[in-house]
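Position 8, counted from 1, in the sequence shown is what full-length UniProt numbering calls 8; the numbers after and before it change by one each time, with no gaps.
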Amino acid sequence: DQIGKHHKWVFVHTKEGIRPDGSKTPIVRKMRVDDQRAWNAACRRAGIEDFRFHNLRHTWASWLIQSGVPLSVLQEMGGWESIEMVRRYAHLAPNHLTEHAKQIDSIFSDDVPNMSHMENKEGIKEA
Numbered sequence: 001d002q003i004g005k006h007h008k009w010v011f012v013h014t015k016e017g018i019r020p021d022g023s024k025t026p027i028v029r030k031m032r033v034d035d036q037r038a039w040n041a042a043c044r045r046a047g048i049e050d051f052r053f054h055n056l057r058h059t060w061a062s063w064l065i066q067s068g069v070p071l072s073v074l075q076e077m078g079g080w081e082s083i084e085m086v087r088r089y090a091h092l093a094p095n096h097l098t099e100h101a102k103q104i105d106s107i108f109s110d111d112v113p114n115m116s117h118m119e120n121k122e123g124i125k126e127a
């Protein structure tokens with residue numbers, strides 16, 4: 001139902017609102033995560049307890065990071081003002097480090113074993 005409502009944001013309001021000063025908001029606008037009324041009402045109707053809108057947003061961001069979406073792209077998609085906020089999700093995507101870490105292998109010739117991939121005498125892989 002939200003698809004195509006806005007060119008940039010996934011979650012938007014679709015009815016105009018009234019601000020505390022009496023002025024009206026745009027009909028389609030970014031959904032504020034600190035306005036929980038609509039979310040809480042929807043959760044109540046669905047029988048869902050103890051679940052915040054932020055939980056959904058966090059899951060969405062986590063899945064995108066894990067699938068390889070760059071932090072800068074996630075920042076734009078999620079509407080975060082600072083990259084520092086988005087960096088909280090960076091720990092979920094350590095795979096971007098793998099290719100850089102593999103560069104050490106190119107420093108050594110094929111004759112030098114990579115000890116990080118070898119097992120000790122007891123057959124336990126050492127880190």
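For glycine and all other residues, C-beta sits at the position ideal for the given N, C-alpha and C.
Between the alpha carbons of ARG44 and MET77, how many angstroms are there, rounded?
Distance from the CA atom of ARG44 to the CA atom of MET77, rounded to whole angstroms, is 28 Å.
Rounding to the nearest angstrom, what Cα-Cα distance links PHE51 and GLN103 in this structure?
Roughly 43 Å separates the two Cα atoms.
Nearest to ALA93 by CA position, among SER82, TRP80 and LEU74, is which residue?
A check of alpha carbon separations from ALA93 across SER82, TRP80 and LEU74 identifies LEU74 as the nearest.
If I follow the unbroken alpha helix (DSSP H) through THR59, where does it start and stop?
Segment 53-66, the alpha helix (DSSP H) holding THR59.
To the nearest whole angstrom, what separates the beta carbons of LEU71 and ARG88, a pair I think is in contact under 8 Å?
Cβ atoms of LEU71 and ARG88 stay farther apart than 8 Å, at about 10 Å.
In terms of residue numbering, what span does the alpha helix (DSSP H) encompassing GLY17 cover?
Per DSSP, GLY17 belongs to no alpha helix (DSSP H) and is neither H nor E.
Cβ-based burial, ILE65 [other Cβ within 10 Å; buried from 16]:
When all chains shown are included, ILE65 counts as buried.
Of the choices GLY47, GLY79 and SER106, whose alpha-carbon is the least far from that of ALA61?
Of the listed residues, the one whose Cα sits closest to ALA61 is GLY79.
For a cutoff of 9 Å on Cβ pairs, would you count ARG29 as touching chain D?
Considering every chain present, this structure includes no chain D. It has just one protein chain.
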